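Here's the structure we're looking at; comments come further down.
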Amino acid sequence: MKGWNYEKTFVDDISYHEGHWKLYETFGIDPEKGSLVVLGLDQYVSYVMRW
């Protein structure tokens, strides 16, 4: 497969159709430090790690 699989890639970035979601601000994550979010196959958030 070439390119991105958009059904399995989640990015908080500017979207051509929907604008910027600004999830860093919504969840209180420092964009300079970042975070790790583990999702299940059903997209259930099972773990969030901030550093």
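Per the numbering used here, residue 14 is the first one in the sequence shown, and the count goes up by one each step.
In this text, a Cβ means the ideal position worked out from N, Cα and C, and glycines have one as well.
Keep in mind the model is a prediction, meaning the values are calculated, not measured.
Distance CB(residue i)-CB(residue j) smaller than 9 Å
i	j	result
His33	Asp43	no
Met62	Leu52	no
Lys46	Trp64	yes
Closest Cα partner of residue i within the set the options
i	options	result
Glu20	Tyr37, Leu54, Phe40 and Val58	Leu54
For residue i, the residue or residues it bridges with in DSSP
i	result
Tyr29	Tyr29 is not bridged to any residue.
Ser111	Residue 111 lies beyond the range of the chain shown here (14 to 64); nothing can be said about it.
Leu49	Met62
Cα-Cα separation between residue i and residue j, rounded to whole angstroms
i	j	result
Tyr57	His30	24 Å
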